[in-house]
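J.: Numbering (UniProt numbering), first residue to last: 1 to 571.
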Ligand SMILES: Nc1ncnc2c1ncn2[C@@H]1O[C@H](COP(=O)(O)OP(=O)(O)OP(=O)(O)O)[C@@H](O)[C@H]1O
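(1) By alpha-carbon positions, which one of 88, 149, 81 ends up nearest to residue 19?
(2) Which whole-angstrom value is the C-beta distance of residue 515 and residue 498, which I expect to be below 8 Å?
(3) For residue 487 versus residue 322, is the C-beta distance shorter than 8 Å?
(4) Going by the beta-carbon positions, is the gap between residue 353 and residue 418 smaller than 8 Å?
(5) List the endpoints of the continuous beta strand (DSSP E) containing residue 178.
(6) Out of 40, 550, 191, point me to the one whose CA is closest to residue 316's CA.
(7) Helix, strand or coil for residue 18, going by three-state DSSP, please let me know.
(8) Are the region 348-362 and the region 393-408 touching, with three or more C-beta to C-beta distances below 8 Å?
(9) With burial defined as no fewer than 16 other Cβ atoms inside 10 Å of the residue's Cβ, what is the status of residue 81: buried or exposed?
(10) So who's on the other strand from residue 433, going by DSSP bridges?
(11) Check whether the region 331-345 touches the region 180-191, counting contact only when three or more Cβ pairs, one atom from each stretch, lie closer than 8 Å.
(12) Do three or more CB pairs link the region 297-309 to the region 59-69 at distances below 8 Å?
(13) Could you tell me the boundaries of the alpha helix (DSSP H) in which residue 421 lies?
(14) Quick one, what's near ligand 1 if you take every residue whose CB is closer than 5 Å to any heavy atom, in chain order?
(15) Helix, strand or coil for residue 460, going by three-state DSSP, please let me know.
(16) Starting from the C-beta of residue 273, find all residues in its chain whose C-beta is less than 8 Å away, skip the five residues before and the five after it, and write them out in chain order.
(17) Compare the C-alpha of residue 511 against each of 493, 531, 380 and name the closest.
(18) By Cβ distance below 7 Å, which residues in the same chain neighbour residue 466 in space, the five residues on each side in sequence not counted?
(19) Decide if residue 5 is buried, meaning its Cβ has at least 16 other Cβ atoms within 10 Å, or exposed.
(20) Does DSSP put residue 23 in a helix, a strand or coil?
(21) By alpha-carbon positions, which one of 482, 344, 455, 310 ends up nearest to residue 132?
(22) Need the endpoints of the beta strand (DSSP E) that residue 442 sits in, please.
(23) CA-CA distance, residue 162 and residue 70?
(24) Have a look at residue 377 and residue 410 and give me their C-alpha separation to the nearest angstrom.
(25) Can you tell me whether DSSP reads residue 64 as helix, strand or coil?
(26) Let me know the secondary structure DSSP gives residue 49 once reduced to three states.
(27) Identify the residues that DSSP records as bridge partners of residue 482: which are they?
(28) Does the region 274-284 come close enough to the region 195-213 to have 3 or more Cβ pairs within less than 8 Å?
(29) Which residue's Cα is closest to the Cα of residue 370: 176, 390, 296?
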């Protein structure tokens, strides 16, 4: 499903998508890791403060030509260097481990929710609307964990650094006396105050320049995903495209997506350069700002080189930590739009199926339908079946012109169609549905045959026997071959694989939607005979346009003009 609408407004509740992992029963190990990382970052900041003090002592000794003092200062410096690097390496390692663990946990949870209550199906065909779920699960979750962890930890480190070096700037910055028209004012800690004011001013400017970047980034992700989905579509239908020589049409279609990307990309570039310009200008002018702030001390000849180097280091640290918000502006914008998309996805998969079609499970064989009305998604009535009773073991053929709702009826019986009302009673756990196109997942032929059960559910002899029954003896030697079977097997062979699955699974009730349409008469007869011989009591309901299928199905349900007509079995 494609999405090109403007993003919904960002809300604070979007941030709640980070919480579940930290509230889960697995939270203790990650919390311990997080605490260790924060502890290491405190040590790291303390070592930086220590380096500042060491710098002052060392440079004052150096410019006083006290070589012996300098030599004494070297061993502790090396020891603290080792400690600081060790903290940094361990912190990076633990952060990577933590973000991978968090991502895996989140992906498992999202997959479980995406695959439950047929949310994956409803997102494509039904009431749950959502775009590009593959991007949410594969990319956004990874970005969310990596970015939010990095930004939270960097944020903590920025606050610690800010506090530690603010004290240093306050202590050694001293105060400044100002007087105008007879008034005197003493400003304590003016160095710290000046640094904070300059950095905050630049941050506010940055927010103003760069805030549209969030929306532009949000749209960019959508457009990228749309192009990827179009390319996947093309790959899936490469044969149809090649037969109709549709290269030019495809090029045109893909170019449209590309144009949308390029158009939005211009906005991304504009807002990014604006934000970067303010950030870079401020970085470039930082030394001048410090020089202006130090002017009173320079004029009063009250600054040693050692003091200057300590003030410079503290100024840089305070500025850097205050600038954290500025420097991470684009990452923060990405994170905000990732959270927004994940929150939307969560809301969508959490929506329960909205249907007034009631399914009653019964262990009794057969099917009972009462007052079933099916609608189109736009509310128009498609089909009305006042009552239909199928006894266990009966075989029914569903016929009707194209578009009368035959497949939709099967979807409703399977619980996939949500539009309508009525009651359907059957043993859902003992049913098997064969849709028009057989799903052949990538993997070994053994796994394809046993789908959706495990490949080890049956032994070789069983696989070989059913392959023989459906006239696919040649496949018996390829059971362990891993391949993209949907590009190898012909539609008729794929339908015979589906029949082999029926013989393996032995359901009590079988629903087929033109499941033998690609077979020749001989193979169809062979399959029907095999089903009768192997599963004589199985209830069968088939949709088919073929005359040849009438002989196999004594009962007939004909759909016409939105109504059901039952034809009695021939005498
Ligand atoms: N997901 C959907 N969204 C909107 N309309 C749908 C959807 N699925 C089916 N329809 C519409 O419902 C109607 C019935 O479709 P259905 O597939 O049940 O027809 P059918 O009788 O099986 O046709 P055919 O014999 O050609 O397979 C059609 O008009 C179709 O366009």
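Where is the CB? At the ideal position from N, CA and C, for every residue including glycine.
Please read these numbers as outputs of a predicted model, since none were measured by experiment.
T.: Inspection of the coordinates gives the following:
(1) Looking at the Cα atoms, 149 is the closest of the given residues.
(2) In this structure, residue 515 and residue 498 form a Cβ contact; the two beta carbons are roughly 6 Å apart against a cut-off of 8 Å.
(3) Between residue 487 and residue 322, the C-beta gap is not smaller than 8 Å, which leaves the two residues out of contact.
(4) Contact: yes.
(5) First-last of the beta strand (DSSP E) with residue 178: 175-180.
(6) For residue 316, the nearest C-alpha among the options comes from 191.
(7) DSSP places residue 18 in helix when its eight states are reduced to three.
(8) Contact fails: fewer than three Cβ-Cβ distances are below 8 Å.
(9) Answer is exposed; the Cβ neighbour count stays below 16.
(10) Paired residues: 511.
(11) As far as the Cβ criterion goes, the region 331-345 does not touch the region 180-191, which means the pair count is below three.
(12) As far as the Cβ criterion goes, the region 297-309 touches the region 59-69, which means the pair count is three or higher.
(13) No alpha helix (DSSP H) holds residue 421; the beta strand (DSSP E) holding it covers 420-426.
(14) Counting only beta-carbon distances shorter than 5 Å to the non-hydrogen atoms of ligand 1, the qualifying residues in chain order are 125, 377, 402, 403, 404, 405, 406, 407, 408.
(15) Collapsing the DSSP output to three states places residue 460 in a helix.
(16) Excluding residues up to 5 positions away in sequence, nothing lies with its Cβ nearer than 8 Å to the Cβ of residue 273 in the same chain.
(17) It is 531.
(18) Within the same chain, 500, 503, 504 come within 7 Å of residue 466 by CB-CB distance, once the 5 residues on both sides are set aside.
(19) Low confidence applies to residue 5: its pLDDT is 45, below 50, so where it sits in the model is not reliable, and the reading given next is rough at best. Residue 5 should be labelled exposed.
(20) For residue 23, the secondary structure class from DSSP, reduced to helix, strand or coil, is helix.
(21) Among 482, 344, 455, 310, the Cα nearest to that of residue 132 is on 344.
(22) Element bounds for residue 442: n/a, residue is neither H nor E.
(23) Each residue's Cα considered, the two are about 29 Å apart.
(24) Those two C-alpha atoms are separated by around 16 Å.
(25) Three-state DSSP puts residue 64 in coil, outside helix and strand.
(26) Here residue 49 carries a helix assignment [DSSP, helix/strand/coil].
(27) Partner(s): 444.
(28) Yes, since at least three Cβ pairs between the region 274-284 and the region 195-213 fall closer than 8 Å, the two stretches touch.
(29) Checking every option, the nearest Cα to that of residue 370 belongs to 390.
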